[in-house]
Structures are given as structure tokens and as C-alpha cells.
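For the sequence shown, the working numbering gives the first residue as 162, with consecutive numbering after it.
Heads up, the beta-carbon is just placed ideally off N, CA and C, and yes, glycines get one too.
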Amino acid sequence: MTQTETEAKAPAKTVSLEKLLKDIDSIDAIIATWDEGQRATIHALKMALGDLNKEALARLIKTVKAEPAAMPALKQALSDEVVYSVLRHHGLVKPSLHERVEEALASVRPMLAGHGGNVELVEIEAPAVAVIRLLGACHGCPASELTLSEGVEKAIREYCPEITAIKKAKGIGGGSSSGNCSTGEQPVHFISPFARADDQNWTFATSLNDLPEMDMVALEIDGHSLLLSRQSEKVVCYQNACAHLGMPLDMGKLENGILTCPYHAFQFALDSGECLTAPEVQLHAVAVRVQGDKVEVKLE
Ligand code: FES
Numbered sequence: 162m163t164q165t166e167t168e169a170k171a172p173a174k175t176v177s178l179e180k181l182l183k184d185i186d187s188i189d190a191i192i193a194t195w196d197e198g199q200r201a202t203i204h205a206l207k208m209a210l211g212d213l214n215k216e217a218l219a220r221l222i223k224t225v226k227a228e229p230a231a232m233p234a235l236k237q238a239l240s241d242e243v244v245y246s247v248l249r250h251h252g253l254v255k256p257s258l259h260e261r262v263e264e265a266l267a268s269v270r271p272m273l274a275g276h277g278g279n280v281e282l283v284e285i286e287a288p289a290v291a292v293i294r295l296l297g298a299c300h301g302c303p304a305s306e307l308t309l310s311e312g313v314e315k316a317i318r319e320y321c322p323e324i325t326a327i328k329k330a331k332g333i334g335g336g337s338s339s340g341n342c343s344t345g346e347q348p349v350h351f352i353s354p355f356a357r358a359d360d361q362n363w364t365f366a367t368s369l370n371d372l373p374e375m376d377m378v379a380l381e382i383d384g385h386s387l388l389l390s391r392q393s394e395k396v397v398c399y400q401n402a403c404a405h406l407g408m409p410l411d412m413g414k415l416e417n418g419i420l421t422c423p424y425h426a427f428q429f430a431l432d433s434g435e436c437l438t439a440p441e442v443q444l445h446a447v448a449v450r451v452q453g454d455k456v457e458v459k460l461e
């Protein structure tokens, strides 16, 4: 057997994507030290080679797609990180669902960060359910339902219309959990960052002094039945409806911050709205803020 035949039969060495990219980076670093004319020539060469590769790959994919029996093999090839990265680089495959959900979350992070919160993608459950987790100040915040529905869900649905459902994972991920979405300086508490973009449509609910500490008050405002509670500086507001069957909660028993529904004894942590009996549900939070002595709510 000749040396060339031996080489042809030897199994191809697998080089990682990381190693390949590192090699490119080190050559780029050398080129960056060259003069402008040389850099322009190299840039033109890179573009021409890129165009050539893109055209060849596009024709290859077109040929494979014309043969339905070959589609599983193409899908298999796309699960290879090098193949996928090169095709993505040339714009020949769409970003994966995972990547697009990440893009959607990246688009809302600045808004959440302004309130000390964050969000992470936990997983994509087959076929198209995104499981996310609110982090930092958003975790356990009474306004987290609003944050999820108004901001995070909207972004995910915009970037990934094929997502059929969005689930909120329980538990704490990275970041701390203060349970307060306020920015510290502002006398505003538990407002979802997506609750409003302006200062409009706040309705006076009651004065702070009329909210007894560690107790709750039921109010009817513009046809909305609300439950407000205050713990020191924090004021929370929920729809006065149990997360079980929607029965009013204001006649429930409140002990050590735990509200027990008078109908079937579901229990809720009043500072966060979380249901202790069935953790997958929680009280429906209503945006609330404290302005001086005034407690204001934002009704949908
Ligand atoms: S309605 Fe509240 S526990 Fe059933």
C-alpha cells in the first residue's frame, strides 16, 4: 500500500469548532498588524472565498433537498456543530428555535435589568414549549405574572411564532431574589417593567395610612375586585380571586403572611402571590405603586 493510499484510508481526524475558530482568530490577530493595503487585499480574498464557499454549499443543499430520501441525512449533518455554524455563518440555515428564544430574551433583558431582574431559558420542551425562569428581583415579585405575559411572552411570540406555549419554571436560578422590582431610589414598588411605558392610567386606590401593616384590604375600583396588602414599605395588589376556582379571598384567614382561601383552603404567600398548595398557579398580580401617601393601581 502506498503512503497516499494509507492516508486515504486513515480515519479523518475530528477537529473541534473551538479549535478551528481559535486558529482563525490567531491568523486574524497577525493580519491586524499589517498595513492597510495588505489588510484590504486579505479582506477581499476572504470575501471572495466566502462567496465561493457559500455558493457551493447553497448548490449542495439545493441538490440534497431535491431528494426527499436525503433529508434525514441533511438534518443529521446539521446537528454537527461545525456544519451548522458554517451554514449559519453563510445565512443558509435559519437560526434554531433555541437561538431565537435566546434572542427574544436578550431583547427584554435591558428592561428587566432596569428593575434588577433577569430571565433565562431553561429548556425547549418538544415540540415547541419554551420553559423560562424569571431571575433576580423578578423572581417571586407579585408583578412577575405581568412581566411574563406583557414582556417576555410577547417577545418570544414575536421572535418565535411557532412556540405554542410558554411555561414558567419554579425555583431560583442565577441572581438574587429580593422580591422587589423597585429601583431603590424610586418610591415605587412591585411594578412590572412592562406594566407601563408612561405615567398614564394610574388610579388612586387608597392612602398608605389606610393599609394596615401585615393585613389586607379588599377594594372595588372601577368594577375590579382587588386585594391590597402592605408589609412595611412594600405594597402588593392582586385580583381578589383565588387561583383555584376564582372565589373571593378577602374573607380568608391571614396568618404570618400566609393567606388561606375560605373555600378549599388553598394557601398563598401574600408578599409574592405564590400558591403554596399548588405551586404551578399564583395570584393574579395587579400593578401597584406608592406615590407619597397615595397607593395607586393600574387596571387593565
Ligand atoms: S376557590 Fe380557593 S381554594 Fe378553592
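Buried or exposed: which applies to residue 216, given that a residue is buried once 16 or more other Cβ atoms fall within 10 Å of its Cβ? exposed
Please report the straight-line C-alpha distance between residue 351 and residue 287, rounded to a whole angstrom. Note that residue 351 scores 49 on pLDDT, short of 50, meaning its location in the model is unreliable; the coordinates nonetheless yield the value given after this. Roughly 34 Å between the two C-alpha positions.
Based on Cα-Cα distance, which residue from 251, 376 and 242 lies nearest to residue 222? 251
Taking Cβ positions, are residue 370 and residue 388 nearer each other than 9 Å? no
Shorter than 8 Å, the distance from the beta carbon of residue 408 to the closest heavy atom of the ligand FES, or not? It does: the Cβ of residue 408 is within 8 Å (strictly closer) of some heavy atom of the ligand FES.
Helix, strand or coil for residue 214, going by three-state DSSP, please let me know. helix
Please indicate yes or no: does the CB of residue 430 lie closer than 8 Å to some heavy atom of the ligand FES? Residue 430 Cβ: outside cutoff for every heavy atom of the ligand FES.
When 392, 377 and 314 are compared against residue 269, the one with the closest alpha-carbon: Of the listed residues, the one whose Cα sits closest to residue 269 is 314.
For residue 425, verify whether its CB is less than 8 Å away from any heavy atom of the ligand FES. Residue 425: yes, Cβ under 8 Å from the ligand FES.
Hey, is residue 405 close to the ligand FES, as in C-beta under 8 Å from one of its heavy atoms? Because some heavy atom of the ligand FES lies under 8 Å away, the Cβ of residue 405 counts as near it: yes.
When burial is assigned at 16 or more other CB atoms within 10 Å of the CB, is residue 176 buried or exposed? exposed
Counting only the same chain and skipping the five closest in sequence on each side, list residues whose C-beta sits under 8 Å from that of residue 195. The answer, listed in chain order, is 203.
Are there any heavy atoms of the ligand FES lying less than 8 Å away from the beta-carbon of residue 422, as far as the coordinates show? yes
For the alpha helix (DSSP H) that residue 259 lies in, which residues bound it at each end? Residues 258-274.
Check whether the Cβ atoms of residue 408 and residue 398 sit closer than 9 Å, and answer yes or no. no
Residue 428 and residue 438 look like a contact to me (Cβ under 8 Å); what is the Cβ gap, rounded to whole Å? Confirmed, Cβ separation roughly 5 Å.
Can you name the start and end residues of the beta strand (DSSP E) that residue 377 belongs to? 376-382
Determine the DSSP secondary structure at residue 314, reduced to helix, strand or coil. helix
Would residue 282 and residue 263 be called neighbours here (beta carbons separated by less than 9 Å)? In this structure, the beta-carbon distance from residue 282 to residue 263 falls below 9 Å.
So residue 328 and residue 292 are in contact, right, with Cβ under 8 Å, and what is the actual spacing, rounded? 5 Å
Using the C-alpha atoms, what's the distance from residue 456 back to residue 444? 19 Å
With the cut-off set at 9 Å, would you say residue 323 and residue 265 are in Cβ contact? no
Is residue 202 helix, strand or coil by DSSP? helix
By the 10 Å Cβ neighbour count, where 16 or more other Cβ atoms means buried, how is residue 345 classified, buried or exposed? Because the pLDDT of residue 345 is 39, which lies under 50, any placement of that residue in the model is unreliable, and the number read from its coordinates should be weighed accordingly. Exposed is the call here.
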